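Chemist: In terms of the numbering used here, the sequence shown opens at residue 5 and continues consecutively. I am attaching a structure below and will ask some questions about it afterwards.
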Amino acid sequence: FLGLIGPNGSGKSTLLRVLAGVLAPWSGSVLLDGADVGQLSRRQLARTVAVVPQDSVSPFAFTAGEIVAMGRHPYLPRFGGLDARDRGAVSQAMERTDTAHLAARSIVELSGGERQRIVIARALAQQPRLLLLDEPTTHLDINHQVEVLDLLYDLNRSDGLAIVCVTHDLNAVAEYTDRVVLMAPGGRVHAFGTPAEVITADHVEAVYGIRVAINDADGRPRITPLSRRRAQVTAPAPSPVAPESSL
């Protein structure tokens, strides 16, 4: 479970698109199980890598079940519908994300948390080995954020699904991930390692330009941003100067 963090404009989403094979790297190559992603067909790649982009829910009134079934597209013949294997994959994906009861509901009627679980179910229906997510908890309240992140953690731990997740939530990264990439403006990798190694006061200040307080009593860093007002060191008042004596 890899967390990808950094300020706006540091290239997190661009890197995710490179990993997904949507963009070609400027130099070098991206290898997936030893194969160059750039040399794989779209169908081959979609059977291995699934992507959950930002704002990925269709504005059309498809049912939740129809949305999840779209994840089987890489397996369908040119002219043909879902077979028993496809329907089984869709059913399994919805059960895994606790969305089977939503199958007949219109996607536009669902809550934000339900829609996000449906989109993740669509990705799981592809039966990938790698899941890429771009800010999957954006616009969700704290309850649904935890719901989605718990699901991703369980998919990683129980199902062995490799996950790369872009997020602005440093505390979520510290809680759920194994490794973290901290990117700096210009697309540079500022730090890579465990959450405890990467999410430090020095690294955060160097990249984000803000001071933070970190509590790592349980072995996982917990970050509290300090307002610039509070973080400022108050300069001592100047000493009074005695008036010059008149001659």
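For every residue, glycine included, the Cβ atom is placed at its ideal position computed from N, Cα and C. Bear in mind that the values here come from a model prediction, so they are computed numbers and not experimental data.
1. To the nearest angstrom, report how far apart Ala239 and His148 are at their CA atoms.
2. Using DSSP's beta-bridge definition, name the partner residues of Val185.
3. For the pair the stretch 42-53 and the stretch 219-235, tell me if three or more CB-CB distances fall below 8 Å.
4. Since Phe5 and Tyr157 should fall inside the 8 Å C-beta cutoff, what is the C-beta to C-beta distance between them, to a whole number of angstroms?
5. Comparing alpha-carbon positions, which option in His194, Gly84, Gly69, Val168 lies nearest Asp102?
6. In the structure shown, what three-state DSSP assignment does Ser110 receive?
7. For Gly25, does the count of other Cβ atoms within 10 angstroms reach 16, so buried, or fall short, so exposed?
8. Between Arg262 and Val55, what straight-line distance do the alpha-carbon atoms span, to the nearest angstrom?
9. Measuring alpha carbon to alpha carbon, tell me which residue in Gln58, Val53, Asp59, Phe83 is nearest Gly75.
10. Buried or exposed, going by whether 16 or more other CB atoms sit within 10 Å of the CB of Asp138?
11. When the Cα atoms are used, what is the spatial distance from Thr18 to Asn12?
12. How would you write the range of the beta strand (DSSP E) that Ala54 sits in, first residue to last?
13. For Gln96, tell me which candidate among His194, His207, Gln130, Pro81 has the shortest Cα-Cα distance.
14. Among residues of its own chain, excluding the 5 on either side of Ser14, which ones have a beta-carbon nearer than 7 Å to its beta-carbon?
15. What does the alpha-carbon distance come out to for the pair Arg119 and Val170?
16. Let me check understanding here. Comparing Cα to Cα, which of Val185, Val193, Val168 lies closest to Pro199?
17. In terms of residues, what are the limits of the beta strand (DSSP E) holding Ile218?
18. What do you get for Arg233, buried or exposed, if any count of 16 or more other CB atoms within 10 angstroms of its CB means buried?
19. Over what stretch of residues does the alpha helix (DSSP H) that includes Leu19 continue unbroken?
20. Taking C-beta to C-beta, are His194 and Val211 nearer than 7 Å?
21. Express the C-alpha separation of Val208 and Leu251 in angstroms, rounding to a whole number.
22. What residue from Asn175, Ser110, Ala205, Thr181 has the CA that sits closest to Arg161's CA?
Modeler: So, from the listed chains and residues:
1. What you label residue 239 is simply residue 235 of the sequence shown in a count that begins at 1. What you label residue 148 is simply residue 144 of the sequence shown in a count that begins at 1. In this prediction, Ala239 has a pLDDT of 44, which is less than 50 and means its spatial position is unreliable; what the coordinates show is noted afterwards. The alpha-carbon atoms of Ala239 and His148 are separated by roughly 44 Å.
2. Translated into the one-based positions of the sequence shown, residue 185 becomes position 181. Leu8, Phe196.
3. no
4. Within the sequence shown, residue 5 is the residue found at index 1, counting from 1. Within the sequence shown, residue 157 is the residue found at index 153, counting from 1. Going by Cβ atoms, the distance from Phe5 to Tyr157 rounds to 7 Å, so yes, they are a contact pair.
5. Position 98 of the sequence shown, counted from the first residue, corresponds to residue 102. Nearest C-alpha to Asp102: Gly69.
6. On the sequence shown, residue 110 is found 106 positions in, with the first residue counted as 1. DSSP places Ser110 in strand when its eight states are reduced to three.
7. The residue you call residue 25 lines up with position 21 of the sequence shown. Buried is the call here.
8. Missing from the structure shown is residue 262; the chain here goes from 5 to 251 and no further.
9. Here residue 75 corresponds to residue number 71 of the sequence shown, with the count starting at 1. Closest option to Gly75, Cα to Cα, is Val53.
10. Position 134 of the sequence shown, counted from the first residue, corresponds to residue 138. Flag for Asp138 reads buried.
11. One-based indexing of the sequence shown puts residue 18 at position 14. One-based indexing of the sequence shown puts residue 12 at position 8. Taking the straight line from one Cα to the other gives about 11 Å.
12. One-based indexing of the sequence shown puts residue 54 at position 50. First-last of the beta strand (DSSP E) with Ala54: 53-56.
13. Position 92 of the sequence shown holds residue 96. With distances taken between Cα atoms, Gln96 lies closest to Gln130.
14. For the purposes of this step, residue 14 is identified with residue 10 of the sequence shown, where counting begins at 1. Counting only Cβ-Cβ distances below 7 Å, and skipping sequence neighbours, we find Met187, Ala188, Pro189, Gly191.
15. The residue you call residue 119 lines up with position 115 of the sequence shown. The residue you call residue 170 lines up with position 166 of the sequence shown. Rounded to the nearest angstrom, the two C-alpha atoms are 18 Å apart.
16. Counting from 1 along the sequence shown, the entry for residue 199 is found at position 195. Looking at the Cα atoms, Val185 is the closest of the given residues.
17. By 1-based counting over the sequence shown, the position of residue 218 is 214. 216-219 is the span of the beta strand (DSSP E), which, as asked, contains Ile218.
18. Here residue 233 is taken as the residue at index 229 of the sequence shown, counted from 1. Classification of Arg233: exposed, given that the 10 Å Cβ count is below 16.
19. Along the sequence shown, read from residue 1 onward, the residue named residue 19 stands at position 15. That run of the alpha helix (DSSP H) goes 16-23.
20. Taking the first residue of the sequence shown as 1, we reach residue 194 at position 190. Taking the first residue of the sequence shown as 1, we reach residue 211 at position 207. Taking 7 Å as the Cβ cut-off, His194 and Val211 qualify as a contacting pair.
21. For the purposes of this step, residue 251 is identified with residue 247 of the sequence shown, where counting begins at 1. For the purposes of this step, residue 208 is identified with residue 204 of the sequence shown, where counting begins at 1. Interpretation of Leu251 is limited by its pLDDT of 38, a score under 50 that renders its predicted location unreliable; no figure is taken from the coordinates.
22. Here the question's residue 161 lines up with position 157 in the sequence shown. Ranking Asn175, Ser110, Ala205, Thr181 by Cα distance to Arg161 puts Thr181 first.
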